[in-house]
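Below is one structure; the comments refer to it alone.
There are 2 protein chains.
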Amino acid sequence: MKLATIANGSADGKLVIVSIDGELYLDASETAPTLQAALERWDDIQEPLASLTARLVAGEGAPLDLARLAAPLPRAWQWLDGSAYTSHGALMQKAFDLPPIETDLPLMYQGLSHQFLGPYEDVPLPSESDGIDFEGEFGVITDVVPMGITPADALARIKLIVQLNDWSLRVIAPVEMKTGFGWIQAKPACSVAPFALTPDELGGAWRDGRVCLDLAVDWNGMRFGNPNGAPMAFGFHELIAHAARTRSLPAGTIIGSGTVSNPGYREVGSSCIAERRGIEIVDHGAPRTGFMRFGERVRMEARLPDGALAFGAIDQRVVRAEASHD
Amino acid sequence: MKLATIANGSADGKLVIVSIDGELYLDASETAPTLQAALERWDDIQEPLASLTARLVAGEGAPLDLARLAAPLPRAWQWLDGSAYTSHGALMQKAFDLPPIETDLPLMYQGLSHQFLGPYEDVPLPSESDGIDFEGEFGVITDVVPMGITPADALARIKLIVQLNDWSLRVIAPVEMKTGFGWIQAKPACSVAPFALTPDELGGAWRDGRVCLDLAVDWNGMRFGNPNGAPMAFGFHELIAHAARTRSLPAGTIIGSGTVSNPGYREVGSSCIAERRGIEIVDHGAPRTGFMRFGERVRMEARLPDGALAFGAIDQRVVRAEASHD
């Protein structure tokens with residue numbers, strides 16, 4: 045099942061269900077007005093959603109205008125982002141001469157969740173000198189998760205899978221990281237690809253709580269990276285159990301994988317600029333690639349084995365934020 | 045103006061307006077069903093709220109049953125907690141032999157905001173061995189804050205002031221802090237005192253964006269600390285401007301002061317156990333005070349110059365979380 049949210053001026057938008065080819069949609073708002081509402085009574089709405097799916101399969105539905113789509117969850121009660129690809133962390137450590145991170149547990153920070161940008165929205169940021177970088181990621185959305193859940197039980201709490209861009213400001217990030225308090229200024233709002241998929245739609249590419257698809261990242265129309273989502277040190281179910289050790293998670297919690305990265309990053313490329321700069325530092329003693337400039341674009345997409353886009357595409361540009369003082 | 049939320053089974057509860065002595069209340073839900081809704085159109089509802097206030101002053105209202113109160117915002121879109129008392133940080137650094145935190149900027153982390161416990165609710169936590177500690181704090185609630193706001197403009201975005209307990213698990217905290225990613229497991233849901241006050245209710249005790257009141261903390265009925273809120277290194281308006289440099293803040297954002305601490309902590313005591321343990325480490329080489337046990341209580345309250353409770357009191361006990369697996 046493929047769900048999306050049409051921007052309609054309200055904070056949470058309107059829930060629609062989309063045909064597997066992404067061409068047609070049916071209004072699902074009689075079943076649940078918003079995706080958040082759907083996640084809050086997920087089990088109860090599976091039957092009406094299945095009826096809508098059957099109608100889409102039968103060829104019903106209106107043509108979907110991608111430009112009208114918001115993020116599947118335009119806001120969420122919680123966004124917890126992991127950093128589960130060890131090849132990324134190891135390279136960053138080597139390139140920037142950082143001390144090793146002393147933990148056997150998953151790495152995770154809590155980010156802003158009151159705003160997720162849509163896949164084609166401009167991304168307003170205050171300054172190029174902050175080091176504007178993209179981070180291509182996969183993520184999952186849960187329903188309610190009780191405190192103390194096991195990884196095995198957590199797998200069943202994963203209701204939807206998404207693809208996202210965890211925007212990062214690289215000049216600020218190390219300064220904030222050194223405080224130990226995590227990131228505030230270094231992590232503005234994330235962007236999310238159009239479609240949230242139930243795990244079954246990924247077939248064999250969803251295994252061990254991991255999204256085993258390539259994530260193709262293009263910067264200004266040039267291929268920048270195409271790493272696969274498989275080699276997470278911890279699966280999403282383990283990230284959920286980690287997060288829920290001392291808290292319950294509300295329906296609509298989004299958990300991110302961290303920047304997708306593969307040990308073969310020299311061949312497959314990277315899903316963030318910082319990683320390429322890390323390789324350049326290792327090879328040449330200094331980075332050669334700059335960060336993003338206002339007006340530049342990034343596109344991210346993942347394709348299923350049959351070549352179809354799984355989550356649709358993120359395709360957007362960064363722009364200078366308007367001075368918006370009172 | 046004194047606002048509170050009566051638990052009514054819904055996620056956000058019901059908004060009420062309370063007499064200044066805390067004895068009587070009027071239903072405010074025709075003006076705004078919830079405090080979150082009130083904050084989203086704050087300017088528009090000042091007139092109806094003033095009418096309700098006038099009726100309370102005239103002696104109208106039903107007796108307020110404190111036991112029915114939830115946190116003023118039982119959930120919020122964003123909770124950002126500072127650490128603005130330098131005497132606390134300096135002591136922790138000395139006692140635990142930590143490297144100095146290299147920043148001139150405010151310290152701040154993003155915590156879970158999908159759940160704020162009411163002032164008398166039991167606090168369920170999984171294990172005493174995590175090092176259960178309270179942290180008495182003051183906080184502010186904003187309406188919408190645009191990205192890039194100045195500290196001067198941010199002052200006017202502070203609509204309400206609250207008092208809260210930022211529960212901390214001290215065995216986990218340093219482990220997570222070392223990762224640089226901030227805290228997930230070490231920071232379960234916070235508790236909030238009954239009443240959210242407009243700044244004018246504090247009179248001269250609200251100055252320079254600081255709550256200049258003593259915060260009395262009792263642990264199991266014994267006075268533990270009574271530090272004053274004044275000596276923040278950054279005022280709340282500066283914390284807001286810091287938070288909003290690369291993001292806008294939604295209405296209902298809660299910003300915390302961090303553990304209230306005074307340079308004279310040996311005389312006035314502390315608002316968290318970790319600080320007392322820090323003093324013991326400095327004095328004796330090892331801590332003598334243990335952390336909280338299940339069944340133990342903490343009470344926190346701040347009084348106005350006339351002796352009246354400003355925010356009501358937090359008075360609650362920690363309990364073992366039920367194993368709540370599926």
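Residue numbers (this note's numbering), protein chains in the order written: chain A, 45 to 370; chain B, 45 to 370. Virtual Cβ for every residue (Gly too), placed ideally from N, Cα, C.
Considering only residues of the same chain and omitting the five flanking positions on each side of residue i, which have a CB-CB separation below 7 Å?
i: Arg-332(A); result: Glu-324
i: Gly-279(B); result: Asp-252, Gly-253 and Arg-254
i: Leu-142(B); result: Met-136
Once DSSP output is grouped into helix, strand and coil, what is the label at residue i?
i: Gln-207(B); result: strand
i: Ala-274(A); result: coil
i: Ala-318(A); result: helix
i: Glu-324(B); result: helix
i: Ser-131(B); result: helix
i: Pro-186(A); result: With the sequence shown as reference, residue 186(A) is identified as Thr, and Pro is not the correct amino acid for it. Thr-186(A) falls in the strand class under three-state DSSP.
i: Val-304(B); result: coil
i: Phe-160(B); result: strand
i: Ser-54(B); result: coil
i: Ile-228(A); result: coil
i: Ala-260(B); result: strand
i: Ser-368(B); result: Confidence at Ser-368(B) is low in this model, with a pLDDT of 49, below 50, so the placement of that residue should be treated as unreliable; the coordinate-derived value is given next. Looking at Ser-368(B) - three-state DSSP - the assignment turns out to be coil, as it is neither helix nor strand.
When the Cα atoms are used, what is the spatial distance from residue i to residue j?
i: Met-336(A); j: Asp-177(A); result: 6 Å
i: Met-276(A); j: Pro-294(A); result: 24 Å
i: Ser-305(B); j: His-132(B); result: 6 Å
i: Asp-350(A); j: Thr-78(A); result: 30 Å
i: Arg-364(A); j: Trp-123(B); result: 26 Å
i: Pro-107(B); j: Ala-249(B); result: 28 Å
i: Ala-346(B); j: Pro-271(B); result: 10 Å
i: Pro-92(B); j: Leu-59(B); result: 13 Å
i: Gly-66(B); j: Glu-282(B); result: 31 Å
i: Arg-119(A); j: Gln-159(A); result: 5 Å
i: Ser-368(A); j: Val-167(A); result: Low per-residue confidence applies at Ser-368(A): pLDDT is 49, beneath 50, and the placement is therefore not dependable, though the value from the model is reported in the following sentence. Going from the Cα of Ser-368(A) to the Cα of Val-167(A) covers about 15 Å.
i: Gly-155(B); j: Gly-103(A); result: 45 Å
i: Asp-87(A); j: Ala-352(B); result: 49 Å
i: Glu-220(B); j: Glu-319(B); result: 19 Å
i: Pro-190(A); j: Asp-71(B); result: 33 Å
i: Ala-357(A); j: Pro-307(B); result: 54 Å
i: Met-266(B); j: Thr-303(B); result: 19 Å
i: Glu-311(A); j: Gly-273(A); result: 15 Å
i: Ala-82(A); j: Leu-113(B); result: 29 Å
i: Ala-217(A); j: Trp-227(A); result: 7 Å
i: Gly-53(B); j: Ile-89(A); result: 22 Å
i: Trp-121(B); j: Ile-185(B); result: 11 Å
i: Val-342(A); j: Ile-317(B); result: 48 Å
Within its chain, find whatever has a CB closer than 6 Å to the CB of residue i; leave out the 5 residues flanking it on each side and keep chain order.
i: Gln-80(A); result: Asp-56 and Gly-296
i: Leu-241(A); result: Lys-46 and Ile-205
i: Ala-198(B); result: His-281, Ile-284 and Ala-285
i: Met-152(B); result: Leu-124 and Gly-126
i: Val-261(B); result: Gly-180, Phe-268, Gly-269, Ser-315 and Met-344
i: Gly-322(B); result: Leu-135, Met-136 and Ala-139
i: Glu-84(B); result: Ala-295
Would you mind working out which of the options sits nearest residue i, comparing C-alpha positions?
i: Ala-48(B); options: Leu-135(B), Val-236(B) and Asp-125(B); result: Val-236(B)
i: Ala-230(B); options: Val-189(B), Asp-174(B), Pro-144(B) and Asp-197(B); result: Asp-174(B)
i: Pro-327(A); options: Leu-68(A), Lys-138(A), Arg-99(A) and Thr-97(A); result: Position check: residue 327(A) holds Asp in this sequence, whereas Pro was assumed. Answer by Cα proximity: Lys-138(A).
i: Ala-200(A); options: Pro-163(A), Asp-187(A) and Asn-209(A); result: Asp-187(A)
i: Leu-117(A); options: Asp-109(A), Leu-142(A) and Ser-157(A); result: Ser-157(A)
i: Phe-338(B); options: Leu-353(B), Arg-321(B) and Gln-360(B); result: Gln-360(B)
i: Ser-5(B); options: Ile-193(B), Gly-329(B) and Gly-126(B); result: Because chain B here runs from 45 to 370, residue 5(B) falls outside it and cannot be looked at.
i: Ser-171(B); options: Ser-73(B), Gly-224(B), Ser-212(B) and Asp-71(B); result: Ser-212(B)
i: Glu-340(A); options: Gly-269(A), Arg-289(A), Gly-356(A) and Trp-263(A); result: Trp-263(A)
i: Glu-245(B); options: Ala-354(B), Ala-94(B), Asp-109(B) and Pro-150(B); result: Ala-354(B)
i: Lys-203(A); options: Ile-298(A), Ile-228(A) and Thr-130(A); result: Ile-298(A)
i: Thr-97(B); options: Leu-83(B), Arg-85(B), Val-215(B) and Thr-75(B); result: Thr-75(B)
i: Ile-50(B); options: Thr-290(B), Leu-257(B), Pro-238(B) and Ala-287(B); result: Pro-238(B)
i: Cys-256(B); options: Gly-329(B), Ser-301(B), Ile-216(B) and Ile-61(B); result: Ser-301(B)
Closer than 8 Å by C-beta to residue i: which residues in its own chain qualify, once you throw out the five before and the five after it? Chain order, please.
i: Leu-161(A); result: Ala-115, Val-167, Ala-233, Cys-234, Ser-235, Val-236 and Gln-360
i: Ala-111(B); result: Tyr-164
i: Arg-99(A); result: Leu-70 and Gly-105
Taking 9 Å as the CB-CB cut-off, is residue i touching chain C?
i: Leu-293(A); result: The question asks about chain C, but that chain is absent: this structure's protein chains are A and B.
(request) Closer than 9 Å, Cβ to Cβ, to anything on chain A: give me those residues from the segment 329–360 of chain B, in chain order. (result) none
(request) Taking only beta carbons into account, state which residues of the segment 137–158 of chain B come closer than 8 Å to chain A, listed in chain order. (result) Ile-145, Glu-146, Thr-147, Leu-149, Leu-151, Met-152, Tyr-153, Gln-154, Gly-155, Leu-156, Ser-157 and His-158
(request) Could you list the residues in the segment 115–130 of chain A with a C-beta less than 8 Å from some C-beta on chain B, going in chain order? (result) Arg-119, Trp-121, Gln-122, Leu-124 and Ser-127
(request) Closer than 7 Å, Cβ to Cβ, to anything on chain A: give me those residues from the segment 175–196 of chain B, in chain order. (result) Pro-190, Met-191, Gly-192, Ile-193 and Thr-194
(message) Along the segment 221–236 of chain A, where does the CB come closer than 9 Å to a CB of chain B? Name the residues.
(response) Met-221, Lys-222, Thr-223, Gly-224, Phe-225, Gly-226, Trp-227, Ile-228, Gln-229, Ala-230, Lys-231, Pro-232 and Ala-233
(request) Using a Cβ-Cβ cut-off of less than 8 Å, list which residues of the segment 49–76 of chain A approach chain B; keep chain order. (result) none
(message) Output needed in chain order: residues of the segment 264–288 of chain B with a Cβ under 8 Å from some Cβ in chain A.
(response) His-286 and Ala-287
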